[in-house]
Amino acid sequence: MKKICIVLFTLFSISAFAKVKPAAKIDVKPFRVVSYFKYSDKAAGKSHKESLHVHPDTVYINHDTIPKASWKKGEAAMKVVSNPKPTNKMYCPQGMYSLKVSKNEKKSVTESGCITSPRFKEIQTAFATLNGLVAK
1096 MKKICIVLFT
1106 LFSISAFAKV
1116 KPAAKIDVKP
1126 FRVVSYFKYS
1136 DKAAGKSHKE
1146 SLHVHPDTVY
1156 INHDTIPKAS
1166 WKKGEAAMKV
1176 VSNPKPTNKM
1186 YCPQGMYSLK
1196 VSKNEKKSVT
1206 ESGCITSPRF
1216 KEIQTAFATL
1226 NGLVAK
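Converting from the sequence shown to the working numbering requires adding 1095 to each position, the first position being numbered 1.
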């Protein structure tokens, strides 16, 4: 009985300590949109990855900052990249792409398709436009 009392007392004291001391919070900037674009070209034997992070005060493309003065020029490209279209399931012998978009820290939506589709060219052009806005 004495051992049970000691064990219970120990458990209660540990749980009380956990309630008193709050966990350390990590200071993370909230984001508006995060997009990850990746594709594999089977004919060329290569794969490629791109990312876009839109925060309230900064925009990153592949970890490079886009200057605030260039945001207006890239607005149309950001809309293309941040709005996924419905996915059509099909076999793609040339290769596939996927666009994973998460808005306002909510659940992400993934779009995928063939690299021969017009939507792939649209996304690829949008990322090329955004990469062109990065200050060298």
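Where is the CB? At the ideal position from N, CA and C, for every residue including glycine. As the structure is a prediction and not an experimental result, all values here were calculated from the model.
Distance between residue j and residue i (C-alpha atoms, nearest Å)
{"i": "Q1189", "j": "A1223", "result": "21 angstroms"}
{"i": "Y1049", "j": "P1179", "result": "Nothing about residue 1049 can be read from this structure; the chain reaches only from 1096 to 1231."}
{"i": "F1132", "j": "V1196", "result": "9 angstroms"}
{"i": "W1166", "j": "K1216", "result": "22 angstroms"}
{"i": "K1163", "j": "S1203", "result": "26 angstroms"}
{"i": "K1198", "j": "Q1219", "result": "20 angstroms"}
{"i": "H1143", "j": "L1194", "result": "12 angstroms"}
{"i": "E1170", "j": "T1153", "result": "13 angstroms"}
{"i": "A1230", "j": "K1168", "result": "13 angstroms"}
{"i": "N1183", "j": "Y1155", "result": "29 angstroms"}
{"i": "K1137", "j": "P1151", "result": "37 angstroms"}
{"i": "A1139", "j": "C1187", "result": "14 angstroms"}
{"i": "K1201", "j": "I1099", "result": "46 angstroms"}
{"i": "P1181", "j": "T1205", "result": "9 angstroms"}
Where residue i falls, given that 16 or more other Cβ within 10 Å makes a residue buried
{"i": "S1130", "result": "buried"}
{"i": "Y1134", "result": "buried"}
{"i": "A1221", "result": "buried"}
{"i": "M1232", "result": "Because the chain here runs from 1096 to 1231, residue 1232 falls outside it and cannot be looked at."}
{"i": "A1172", "result": "buried"}
DSSP three-state assignment for residue i, whether helix, strand or coil
{"i": "K1036", "result": "Here the chain has residues from 1096 to 1231 only, and residue 1036 is not among them."}
{"i": "L1194", "result": "strand"}
{"i": "I1099", "result": "helix"}
{"i": "V1129", "result": "strand"}
{"i": "E1206", "result": "strand"}
{"i": "S1135", "result": "strand"}
Cβ distance (whole Å) where residue i is taken to contact residue j below 8 angstroms
{"i": "V1128", "j": "S1177", "result": "4 angstroms"}
C-beta neighbour in chain C for residue i, strict 8 angstroms
{"i": "A1171", "result": "No chain C is present in this structure, which holds just one protein chain."}
Exercise for the section: Take every Cβ of the stretch 1157 to 1173, pair it with every Cβ of the stretch 1215 to 1229, and state whether three or more of those distances are shorter than 8 angstroms. Expected result: yes
Exercise for the section: Would you check if the stretch 1202 to 1215 and the stretch 1144 to 1153 touch, i.e. whether three or more CB-CB distances between them fall below 8 angstroms? Expected result: no
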